[in-house]
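Structure below.
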């Protein structure tokens, strides 16, 4: 046993974790190499001294946690106690009083400070040896390259938009070989969690292997939107009165002044307008708290559910990286409303997914022009796409329609693709047009992997030199 | 799943190769879908489109409708479209930039069109919305009003409604509200 | 920005949870006192979640000193705690999380406390027992049952774990199910509703009025019309239901009238069976409705409910009194709301009279049950739940074999039942060998066959000779070596704290059955042994 004044050795401290990391098992991933990889007899002698796998988790693996809120705080703690030592956390938000009922790394005196910075500091104070780099900014503010340093990305988010963004970034690193098989080194796995009240989900996204966020985006039902004419003419509920004040009345009374849901005065104004309207129509139920709920679309959140879902996510991250047990395949739902129900559903990938799918490989000469490329799509046996419009990383190379865009993009037609695609040897473009599907021509959007013949080596050298 | 020992070897090279790559703008699934919608636009002859931020920003554009029949014939009405990265999960945000005397469009430019709110579905597209906007001008509807006064006039006195629309489009007052010329 | 030492408004701080369980739920939490046995990560995490939410008081019982291995799986302990009382250190940190909570500790081994001071537990609302071995757990369950204290037992073990709730009876007033049919009484409208429906011309020529006539009115009127043409019967067969929908459609002026679409979609509500559900029938027929001075408020209300159904209710429960949003003119909708509210209030008033009569009859103060509670009870009368849990002893000695056998053969549950057996087997093995299997690397190879033998004896004691235990899982249990992995502990502790919240607030439903097990692969599922 450690004496109070001597710092414990790592094997002493990680005794429990090492049971999983240093011992072989029958239900582990094929890649699992319990460390040190020596015979069982020698392992017995050595385990207390070294644990190679745990050392690797701590020294080599870089983990990104997206979000430092209800899930993020728990995730940082859980990952730090799973042997990961190099963590980053990104969150643009500051701490609010209403976070304190569940975001356990924050105290009343932290209100107004950066969530990422406070959370990182607190976890580092308590778990020695862990390094957490906070990023107090929007996820879109980071260069794409920032994300490439991580071996796994764990998401603790509450918006579809942010999930979709990170998903497209992570899937963007994925490359396929000529047999349309994902290249293992380019796979950047994600673990995504979400909660609402007593319910939540945790899922594992291995781009190219399990469905990505876009493959099954239909799982998220669109938000209910009231018809504007109901709000204006036949309000019936408190929510109608609030949305009237929020969506119609605000602009009418404050032309040119954008509404800010985080401004207490603005919220108070919406509340009092909604109340007036409710009284006018004899509608009950407008309260300040309900007004906030409707306007900000507040999702109820409690500590226990966040803890459960984060733990499930962190455990999946730990299993994915170490291989010490098999991963959930691939979508776990938790429901504690009536008893405790945990269910795992195995969703399937959308093979034609624009974000994670392989798309179609097209090899080009560096001299091929955009118009030759478009002709090639028409002749390509897998595509047979006519009237293609082409876009590349936000640049619209050619648009068949509408006229204004066709005119603007027409000059590109005679330019070589290699030049239009910034002289990279390999990249992804998207094309829309009429393509063949089950023998019929239908309007389609396709992902195309463009590779230029014979440029790989030289171009790599060029870019290295340029840097 | 991940080969840690392989990662270990890779680590040193990483910095070098990462530095060489040009920063890439990420295209959301919503942007791609919008690209498809736009490249397949089939605009009615009353309608034109413009992209104030140039060819590479499809997420913000304007639709100009010049109705060729009905009460609003001869007017020019501009709508701004803002499309979010979650499109088509989320409908586009559409506002009427031209101040118009219309039962289903209020003076702030809010538009009461079911497919823009409660009836939006991801299978719908920009074409459908443009078609819906055109319909508003050929068939203004007094049953789902956003401009209550205009709706009452349309229902009770279509002749007067017609005159009001003409006056508004020519630039003038209807009741207490001034409408800049849009004809 | 807030300065140090700022006072935060509890309403604002607890906003996100008040939206779930309301002020009443919060008040119940703030009154509750929780005892935690063993503050390893499983117990600590459970308590952390409760303290954040503002539980009244917590008492941590643990006799151990902080060791190096605690720093690898318990976030609330750091280097400075080494060698100190684990209970004390945990308590200090918990207090830091929320100063509104009273945090105390007892530095004693839970097993000793159970043996020497059983009356200690009677001061608590709930006892959370974590990482407790079978023999102590059985004794504790007995103590808690005698004192009517709720016991929540949680165990994390390697990559598996379990949460079990034990209490004689848990009555839920606000079960708040996710989906529940609204209480519109379209099959049996009362006079005021019928009268209101009659006052509206559903064939109004004004298109605005026609497309804004609420579907409740349309359905009440058309159901009456249907009944008139069918000897007073409402549509019941599939064919009749289809014809009824056609009748509704025939009244549309044009195809995009939302209110008529809603009427067609809701037309089945006309055909719901009158009277009360089997679940509620079972509750009002329960022996506990023969009330005595020692009866709980819940059962007194159920007794009153039984009388209500037999008298004023005419076979129906008190009306819930709310209606969903539907396409309608504001006036029509607000009038309908008032009609439903008025009926609910008069039903509630009748209930209140009956409650007072019953209280008088059993010699209690007739005003001792608040009007607010009676109202909540009436609003939720269709969703009442009574959970009775068998004792852990009973679960062990007389298992329901057919269920257990089913789990063994069902692919979805076979891992769970294996772990259930194996978690019992490791405790039995520990009782024999004074240590859990797989603790020492050098003995794993010997422990695997030992555990297999002990597991077989657990099965045969249950009367399940030869049930197929998974060799892989036996090996896995030995590999776990009793490890408490932080993430698994946070998961299990999280589930335990969620159960505590439901049990304390008497909202939602706690695990109805005795057991829940997490499987580590390839899927995780819940699992229960019927009580």
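Residue numbers (my numbering), protein chains in the order written: chain A, 268 to 734; chain B, 413 to 595; chain C, 6 to 536. Glycine is no exception: its CB is placed at the ideal position from the N, C-alpha and C atoms. Values in this document were obtained by computation on a predicted structure and should not be read as measured data.
Inset, instruction - Please determine if the stretch 541 to 550 of chain A and the stretch 454 to 473 of chain C are in contact, where contact requires at least 3 C-beta pairs separated by less than 8 Å. - result: Because the criterion of three Cβ pairs below 8 Å is not met, the stretch 541 to 550 of chain A and the stretch 454 to 473 of chain C do not touch.
Inset, instruction - Could you pull out every residue in the same chain whose Cβ sits closer than 7 Å to the Cβ of residue 342 of chain A, ignoring the five residues on either side in sequence? - result: Correct list, in chain order: 332, 421, 423, 577, 580 and 581.
Inset, instruction - Grab the span of the alpha helix (DSSP H) containing residue 203 of chain C for me, first residue to last. - result: In the DSSP assignment, residue 203 of chain C falls within the unbroken alpha helix (DSSP H) covering 196 to 203.
Legend entry - Stretch-stretch touch, CB-based, cutoff 8 Å, three pairs: the stretch 156 to 173 of chain C with the stretch 187 to 203 of chain C: At 8 Å Cβ cutoff, the stretches do not touch.
Inset, instruction - Assign residue 572 of chain B to one of two classes, buried (16 or more other C-beta atoms within 10 Å of its C-beta) or exposed (fewer than that). - result: Label assigned to residue 572 of chain B: exposed.
Inset, instruction - Note down, in chain order, all residues in the stretch 549 to 571 of chain B with a beta-carbon under 8 Å from any beta-carbon belonging to chain A. - result: Listed by position along the chain: 556, 557, 558 and 560.
Legend entry - Inter-residue CB distance, residue 683 of chain A and residue 635 of chain A (contact presumed, cutoff 8 Å): Contact holds; Cβ gap of about 6 Å.
Legend entry - C-beta neighbour in chain C for residue 281 of chain A, strict 7 Å: It does; some Cβ of chain C falls within 7 Å.
Inset, instruction - Taking only beta-carbon positions, decide if residue 591 of chain B is within less than 7 Å of chain A. - result: Contacts with chain A at 7 Å (Cβ-Cβ) do not include residue 591 of chain B.
Inset, instruction - Compare the C-beta of residue 212 of chain C against all C-beta atoms of chain B and say whether one is closer than 7 Å. - result: Residue contact with chain B for residue 212 of chain C: present (Cβ-Cβ distance below 7 Å to some residue of chain B).
Inset, instruction - Could you check how far apart the C-beta atoms of residue 321 of chain A and residue 346 of chain A are, in whole angstroms? I think they sit under 8 Å. - result: The Cβ separation is near 14 Å, so there is no contact.
Inset, instruction - Compute the Euclidean distance between the alpha carbons of residue 13 of chain C and residue 480 of chain A, then round it to the nearest angstrom. - result: Their backbone Cα atoms lie some 38 Å apart in a straight line.
Inset, instruction - Ignore the nearest five residues each way along the sequence and tell me which others in residue 443 of chain B's own chain have a CB closer than 6 Å to its CB. - result: Beyond the five residues adjoining it in sequence on each side, residue 443 of chain B comes within less than 6 Å, by CB distance, of no other residue in the same chain.
Inset, instruction - Identify the continuous alpha helix (DSSP H) that holds residue 467 of chain C and give its terminal residues. - result: Per DSSP, the continuous alpha helix (DSSP H) segment holding residue 467 of chain C begins and ends at 449 to 467.
Inset, instruction - Identify whether residue 704 of chain A lies in helix, strand or coil by the three-state DSSP scheme. - result: Shown here, residue 704 of chain A sits in a strand according to DSSP, grouped into three states.
Legend entry - residue 381 of chain A (DSSP reduced to helix, strand or coil): Correct three-state label for residue 381 of chain A: strand.
Legend entry - C-beta neighbour in chain B for residue 496 of chain A, strict 7 Å: Yes, residue 496 of chain A counts as interfacial toward chain B.
Legend entry - Partners in chain A for residue 497 of chain B, counting only beta-carbon separations shorter than 8 Å: Correct list: 428, 431 and 432.
Inset, instruction - Output, in sequence order along the chain, the residues in the stretch 436 to 453 of chain B whose CB is closer than 8 Å to any CB in chain A. - result: So the close ones are 436, 437, 438, 439, 440, 441, 442, 443, 444, 445, 447, 448, 450, 451, 452 and 453.
Legend entry - Within chain B, partners of residue 18 of chain C - CB distance below 9 Å: By Cβ distance, chain B contributes nothing, its closest Cβ being about 31 Å from residue 18 of chain C, past 9 Å.
Legend entry - the stretch 368 to 398 of chain C: positions lying closer than 8 Å to chain B by Cβ: Along the stretch 368 to 398 of chain C, there is no position whose C-beta sits under 8 Å from a C-beta of chain B.
Inset, instruction - Return the Cβ separation of residue 489 of chain B and residue 512 of chain B in integer angstroms, given the expectation that the two are a contact with Cβ distance under 8 Å. - result: Rounded, the Cβ-Cβ distance is 6 Å, consistent with contact.
Legend entry - Separation of residue 660 of chain A from residue 624 of chain A, as counted between CA atoms: Roughly 16 Å separates the two Cα atoms.
Inset, instruction - Look at the alpha carbon of residue 494 of chain B and the alpha carbon of residue 430 of chain A, and state the distance between them as a whole number of angstroms. - result: Rounded to whole angstroms, residue 494 of chain B to residue 430 of chain A spans 20 Å at the Cα level.
Inset, instruction - State yes or no: is the beta carbon of residue 294 of chain A nearer than 7 Å to at least one beta carbon in chain C? - result: Yes, its Cβ sits closer than 7 Å to a Cβ of chain C.
Inset, instruction - Starting from the C-beta of residue 62 of chain C, find all residues in its chain whose C-beta is less than 6 Å away, skip the five residues before and the five after it, and write them out in chain order. - result: Cβ-Cβ distances below 6 Å link residue 62 of chain C to 38 and 107 in the same chain, with the five nearest sequence neighbours on each side left out; the list follows chain order.
Inset, instruction - State whether the stretch 408 to 417 of chain C contacts the stretch 301 to 311 of chain C, with contact taken as three or more CB pairs (one from each stretch) at a distance under 8 Å. - result: Verdict: no, contact absent.
Legend entry - Buried versus exposed, by CB contacts within 10 Å (16 or more), residue 21 of chain C: Looking at its Cβ environment, which holds 16 or more other Cβ atoms inside 10 Å, residue 21 of chain C is buried.
Inset, instruction - Taking 7 Å as the cut-off, decide whether the C-beta atoms of residue 657 of chain A and residue 664 of chain A are in contact. - result: Judged by their CB atoms, residue 657 of chain A and residue 664 of chain A are nearer to each other than the 7 Å cut-off.
Legend entry - 7 Å Cβ cutoff, residue 467 of chain B in contact with chain A: Cβ-Cβ to chain A under 7 Å: yes for residue 467 of chain B.
Inset, instruction - With DSSP collapsed to three states, give me the class of residue 630 of chain A. - result: Residue 630 of chain A falls in the strand class under three-state DSSP.
Legend entry - Counted within 10 angstroms of its Cβ, other Cβ atoms place residue 588 of chain B as buried (16 or more) or exposed: For residue 588 of chain B, the number of other beta carbons within 10 angstroms of its own is below 16, and it is reported as exposed.
Legend entry - Residue environment, residue 535 of chain B, which counts as buried when at least 16 other CB atoms sit within 10 Å: Per the 10 Å Cβ criterion, exposed.
Legend entry - Residues that residue 175 of chain C bridges to, as DSSP identifies them: BP columns for residue 175 of chain C point to C:392.
Inset, instruction - Please work out which residues of its chain come closer than 6 Å, Cβ to Cβ, to residue 429 of chain B, disregarding the five sequence neighbours upstream and downstream, and give them in chain order. - result: At residue 429 of chain B, the pLDDT of 44 sits below 50, so the modelled position is not reliable; the number obtained from the coordinates is stated separately. Spatial neighbours of residue 429 of chain B in its own chain (CB-CB distance under 6 Å, excluding positions within 5 residues in sequence) are not present.
Legend entry - Min CB distance residue 481 of chain C to chain A below 7 Å: So yes, residue 481 of chain C belongs to the interface.
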